[in-house]
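Structure record follows, encoded as structure tokens.
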Amino acid sequence: DAKTTQPTSMDCAEGRAANLPCNHSTISGNEYVYWYRQIHSQGPQYIIHGLKNNETNEMASLIITEDRKSSTLILPHATLRDTAVYYCIVRVEFTSGGGADGLTFGKGTHLIIQP
Amino acid sequence: NAGVTQTPKFRVLKTGQSMTLLCAQDMNHEYMYWYRQDPGMGLRLIHYSVGEGTTAKGEVPDGYNVSRLKKQNFLLGLESAAPSQTSVYFCASSRVNTQYFGPGTRLTVL
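Chains as they are written, first to last, in the numbering used here: chain G, 90 to 204; chain F, 57 to 166.
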């Protein structure tokens, strides 16, 4: 799996959009970008993933650059409950019946939402 | 639908004691995982299973054993606990690449 680089920490004001960057310059053509977050003392939670196109769901948006070497996770209206460590993970998607080794977590970005 | 549950939530062991951590999922997922997380670090994979009756080693398997006798359960065993195994243990399950995590077990080995 490709290596990712994320800032150690970021602050964002409550109600504003939080933009979390991730660099993955060695990403391969068949690797997806995944985002998980971990609220203090809880298990990680899946947020969103994508391959090439921008993606949006009820939690966040994922913007992937055209060369796929970096991406940005956007939380459109951050709340205090979004304070967490956010992990950007790059890995190959697998089909049912294929290999299924685990996720490789780095240290992530500690996002602090300020009131 | 409880998702992924872990038993126990907390445990304190003495060096050399043994214990088993239980992970259960009710989502009929084929794949299950055990991770550990040390303070200030990301999660590291201990063992995983791609189906009932199968297990495989992850990044940090030494000192641990696992079993997947039933599809819904994945057990993590410590035969002779060491202080270096003090950590938070997370179980996860998935059908494809999206993993669902349990709440964790906090283990202290004295």
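Glycine residues also receive a C-beta, built at the ideal position from the N, C-alpha and C atoms.
Bear in mind that the values here come from a model prediction, so they are computed numbers and not experimental data.
Same chain, Cβ closer than 7 Å to residue i, neighbours up to 5 away in sequence not counted
{"i": "Thr-150 (chain F)", "result": "Per the sequence presented here, residue 150 (chain F) reads as Ser, with Thr not at that position. Once the five neighbours on either side are set aside, the close Cβ partners of Ser-150 (chain F) are His-85, Tyr-87, Tyr-156."}
{"i": "Lys-70 (chain F)", "result": "Leu-166"}
Contact check, residue i vs residue j, beta carbons under 8 Å
{"i": "Leu-169 (chain G)", "j": "Ile-137 (chain G)", "result": "no"}
{"i": "Val-60 (chain F)", "j": "Gln-73 (chain F)", "result": "no"}
{"i": "Leu-134 (chain F)", "j": "Gly-191 (chain G)", "result": "no"}
{"i": "Asn-121 (chain F)", "j": "Leu-78 (chain F)", "result": "no"}
{"i": "Ala-137 (chain F)", "j": "Met-75 (chain F)", "result": "yes"}
{"i": "Leu-99 (chain F)", "j": "Phe-146 (chain F)", "result": "yes"}
{"i": "Phe-161 (chain G)", "j": "Leu-109 (chain G)", "result": "Just to set this straight, residue 161 (chain G) is Thr in the shown sequence, not Phe. Yes, Cβ-Cβ distance for Thr-161 (chain G) and Leu-109 (chain G) is below 8 Å."}
{"i": "Asn-143 (chain G)", "j": "Ile-153 (chain G)", "result": "yes"}
Proximal residues to residue i (C-beta, below 6 Å), its chain only, five neighbours per side dropped
{"i": "Val-144 (chain F)", "result": "Gln-93, Gly-160, Arg-162"}
{"i": "Arg-176 (chain G)", "result": "Per the sequence presented here, residue 176 (chain G) reads as Tyr, with Arg not at that position. The answer, listed in chain order, is Tyr-125, Phe-194, Gly-197."}
{"i": "Ser-150 (chain G)", "result": "Ile-163"}
{"i": "Ser-123 (chain F)", "result": "Leu-131"}
{"i": "Ala-102 (chain G)", "result": "Gln-203"}
{"i": "Thr-63 (chain F)", "result": "Leu-78"}
Three-state secondary structure assigned by DSSP to residue i
{"i": "Gln-128 (chain F)", "result": "coil"}
{"i": "Gln-134 (chain G)", "result": "strand"}
{"i": "Gln-141 (chain F)", "result": "helix"}
{"i": "Arg-151 (chain F)", "result": "coil"}
{"i": "Asp-100 (chain F)", "result": "Reading the sequence as shown, one finds Arg at residue 100 (chain F) and not Asp. Correct three-state label for Arg-100 (chain F): strand."}
{"i": "Asp-190 (chain G)", "result": "coil"}
8 Å Cβ shell around residue i - same chain, five flanking residues per side excluded
{"i": "His-166 (chain G)", "result": "Gly-104, Arg-105, Ala-106"}
Near-chain F residues of the region 159-180 of chain G (beta-carbon distance less than 8 Å), N- to C-terminal order: Tyr-176, Arg-180
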